[in-house]
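Everything on this sheet refers to the single structure shown next.
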Amino acid sequence: MKIQVLKTIESIIETPFVEDEFESGSVCFANDEDLRANFKLQFTIYDVVNYVYGVCQLHLEKNEKLEISLLKIPYPVNADLFWKYSNSGKKIRQQQAFNEIELTDVTFLNWIVV
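Once you know that position 5 of the sequence shown is 5 in our numbering, the rest is easy, because the numbers rise by one and skip nothing.
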């Protein structure tokens with residue numbers, strides 16, 4: 001896994017990455033998708049995968065062909081954008097619209113700065 005991808009996202013959104021999905025002591029509603037980004041205490045690999053799904057959805061809306069190996073994933077420019085795409089990607093992933101992206105693959109995608 002490319003830890004640098006996670007460190008870069010951590011730096012951009014100013015929120016620590018945690019390997020566990022839940023952390024003890026988190027505030028109530030910490031996993032609520034409507035929670036404002038500045039109240040989020042952490043992010044996980046699931047949030048990153050969801051972000052990727054959200055970005056993929058943009059390509060689909062533009063009728064672009066998706067080839068995971070050629071896809072360039074932009075780093076989020078801020079926390080609000082990260083959580084916006086992560087939340088929309090979560091809905092897509094729950095509908096199982098995509099099946100190709102695995103948790104272990106997300107850091108090996110071509111990440112770019114926009």
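Beta carbons are placed, not taken as given, at the ideal position from N, Cα and C, and that holds for glycine.
Exercise for the section: Please report how far the alpha carbon of His59 lies from the alpha carbon of Asn50, in whole angstroms. Expected result: 15 Å
Practice task
Assign Ser26 to one of two classes, buried (16 or more other C-beta atoms within 10 Å of its C-beta) or exposed (fewer than that).
Solution key: Low local confidence applies: a pLDDT of 49 at Ser26 is under 50, so the model's placement there is unreliable, with the coordinate-based value given in what follows. Ser26 comes out exposed.
Practice task
Would you kindly work out how many angstroms separate the C-alpha atoms of Gln42 and Thr15, rounded to a whole number?
Solution key: 5 Å
Practice task
Have a look at Arg93 and Phe82 and give me their C-alpha separation to the nearest angstrom.
Solution key: 16 Å
Practice task
Taking the CB atoms as reference points, tell me whether Ile12 and Tyr53 lie closer together than 8 Å.
Solution key: no
Problem - Same chain, Cβ closer than 6 Å to Leu70, neighbours up to 5 away in sequence not counted - result: none
Problem - Lys72 - containing beta strand (DSSP E), residue span - result: Lys72 to Pro74
Problem - Assigned exposure category for Val48 - 16 Cβ within 10 Å defines buried - result: buried
Exercise for the section: Look up Trp111 in the DSSP assignment and give the residues it is bridged to. Expected result: Ile73
Problem - Limits of the alpha helix (DSSP H) - the one that Gln4 falls within - result: Ile3 to Ile13
Exercise for the section: Would you mind working out which of Ile112, Asp80 and Gly89 sits nearest Ile45, comparing C-alpha positions? Expected result: Gly89
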